[in-house]
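Input: a single structure, listed below in structure tokens.
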Amino acid sequence: EAQVTQNPRYLITVTGKKLTVTCSQNMNHEYMSWYRQDPGLGLRQIYYSMNVEVTDKGDVPEGYKVSRKEKRNFPLILESPSPNQTSLYFCASSLRSRQGRTDTQYFGPGTRLTVL
Amino acid sequence: GDSVTQMEGPVTLSEEAFLTINCTYTATGYPSLFWYVQYPGEGLQLLLKATKADDKGSNKGFEATYRKETTSFHLEKGSVQVSDSAVYFCALLYTGGGNKLTFGTGTQLKVEL
Chain A
115 EAQVTQNPRY
125 LITVTGKKLT
135 VTCSQNMNHE
145 YMSWYRQDPG
155 LGLRQIYYSM
165 NVEVTDKGDV
175 PEGYKVSRKE
185 KRNFPLILES
195 PSPNQTSLYF
205 CASSLRSRQG
215 RTDTQYFGPG
225 TRLTVL
Chain B
21 GDSVTQMEGP
31 VTLSEEAFLT
41 INCTYTATGY
51 PSLFWYVQYP
61 GEGLQLLLKA
71 TKADDKGSNK
81 GFEATYRKET
91 TSFHLEKGSV
101 QVSDSAVYFC
111 ALLYTGGGNK
121 LTFGTGTQLK
131 VEL
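In order, the protein sequences belong to chains A and B.
Yeah, the first sequence ends on 230 if you go by my numbering, and it's all consecutive.
Yeah, the second sequence ends on 133 if you go by my numbering, and it's all consecutive.
Quick look at the structure:
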């Protein structure tokens, strides 16, 4: 079954304790992305990757890191989490868009993070 | 920059009522437009899409038409069910070669018996 998986689904942590949220897709997609969802703000892009070893900042990258060492995995790293990073996080993947072609983005189930 | 504006929620309807959720956009060029749905406790699922002006996307009884002249992509359904209760997101994708989706803030729909 084609899917995007995220782990953990729920996480409660404390300020400053490094954490990693994993994301994996089994569709051989080049493009992967992380979003955060906050009430009244919709989804905002944190980081994205167009392919292995190619990553770039989205709209709200401060306080986050990513890596793309393998095509299927795109972990999100919070080196020193703070309470303002409490949010619902989604990973997404798709084929890399070409001019004039639109490919569906597939989303993971979400990770609800609480930073105390 | 690109942006998407959706009507504020929550929207509360009785079962079998007609649904409209408004969505307008601002974008350079000619974006593709999407509606995603998020059921309680789940991730986002693509509901429908339209890739050029006057295209109509449809799925599960929902429809939306890409109106370039009014820069709109309103979601409609003729008869909602309790199972349609969810949050609906309008989004655009610039088709110039990138993959970034720009989302609206989401509209929560509650359907009651």
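Here a beta-carbon is modelled for each residue, glycine too, at the ideal position from N, C-alpha and C.
This one's a predicted model, so the numbers in the text were calculated from it and none came from an experiment.
Between residue i and residue j, what straight-line distance do the alpha-carbon atoms span, to the nearest angstrom?
{"i": "Thr48 of chain B", "j": "Tyr114 of chain B", "result": "8 Å"}
{"i": "Pro223 of chain A", "j": "Tyr162 of chain A", "result": "18 Å"}
{"i": "Ala37 of chain B", "j": "Gly126 of chain B", "result": "20 Å"}
{"i": "Ala206 of chain A", "j": "Met164 of chain A", "result": "12 Å"}
{"i": "Gly81 of chain B", "j": "Lys69 of chain B", "result": "14 Å"}
{"i": "Arg150 of chain A", "j": "Ser34 of chain B", "result": "31 Å"}
{"i": "Pro175 of chain A", "j": "Asn142 of chain A", "result": "25 Å"}
{"i": "Val71 of chain B", "j": "Cys43 of chain B", "result": "The residue you asked about is not Val; residue 71 of chain B is Thr in the sequence shown. Roughly 15 Å separates the two Cα atoms."}
{"i": "Glu132 of chain B", "j": "Ser105 of chain B", "result": "9 Å"}
{"i": "Met146 of chain A", "j": "Gln128 of chain B", "result": "27 Å"}
{"i": "Gly21 of chain B", "j": "Gly124 of chain B", "result": "13 Å"}
{"i": "Val180 of chain A", "j": "Tyr45 of chain B", "result": "30 Å"}
{"i": "Thr127 of chain A", "j": "Thr32 of chain B", "result": "35 Å"}
{"i": "Glu184 of chain A", "j": "Val166 of chain A", "result": "6 Å"}
Can you pull the DSSP bridge partners for residue i?
{"i": "Leu190 of chain A", "result": "A:Val135, A:Val180"}
{"i": "Asp152 of chain A", "result": "A:Gly156"}
{"i": "Ser207 of chain A", "result": "A:Met146, A:Tyr220"}
{"i": "Asp170 of chain A", "result": "A:Tyr162"}
{"i": "Ala37 of chain B", "result": "None; Ala37 of chain B has no bridge partner."}
{"i": "Tyr56 of chain B", "result": "B:Leu66, B:Phe109"}
{"i": "Leu227 of chain A", "result": "A:Leu125, A:Ser201"}
{"i": "Ser23 of chain B", "result": "B:Thr46"}
{"i": "Glu132 of chain B", "result": "B:Ser34"}
{"i": "Gln120 of chain A", "result": "A:Cys137"}
So which of the options has the shortest CA-CA distance to residue i?
{"i": "Leu121 of chain B", "options": "B:Thr91, B:Glu28, B:Leu66", "result": "B:Leu66"}
{"i": "Asn140 of chain A", "options": "A:Pro195, A:Thr119, A:Tyr203, A:Val166", "result": "A:Thr119"}
{"i": "Ile41 of chain B", "options": "B:Asn119, B:Thr71, B:Pro51, B:Val107", "result": "B:Val107"}
{"i": "Gly63 of chain B", "options": "A:Gln219, A:Lys183, A:Thr228, A:Val229", "result": "A:Gln219"}
{"i": "Thr91 of chain B", "options": "B:Ser103, B:Glu28, B:Ser52", "result": "B:Ser52"}
{"i": "Tyr124 of chain A", "options": "A:Gln117, A:Val166, A:Thr134", "result": "A:Thr134"}
{"i": "Ser201 of chain A", "options": "A:Glu167, A:Leu157, A:Arg210, A:Gly172", "result": "A:Leu157"}
{"i": "Thr25 of chain B", "options": "B:Gly98, B:His94, B:Val102, B:Val100", "result": "B:His94"}
Is there a Cβ from chain D that is less than 9 Å from the Cβ of residue i?
{"i": "Leu133 of chain A", "result": "No chain D appears in the structure shown, which is made up of the protein chains A and B."}
| field | Residues in the segment 63 to 94 of chain B having any Cβ partner in chain A nearer than 8 Å | value | Gly63, Leu64, Gln65, Leu66, Lys69, Thr71
| field | Under 7 Å (Cβ pairs) to chain B, residues found in the segment 182 to 206 of chain A | value | Phe204
| Unbroken beta strand (DSSP E) runs of length 3 or more, entirely within the segment 73 to 130 of chain B: which are they? | 76 to 79, 82 to 85, 95 to 97, 106 to 113, 121 to 123
| query | For the segment 117 to 131 of chain B, which residues have a beta carbon sitting closer than 7 Å to at least one beta carbon of chain A? | reply | Gly117, Gly118, Asn119, Lys120, Leu121, Phe123, Gly124, Thr125, Gly126
| query | At a Cβ cut of 7 Å, what residues of the segment 94 to 112 of chain B count as close to chain A, listed as they run along the chain? | reply | Phe109
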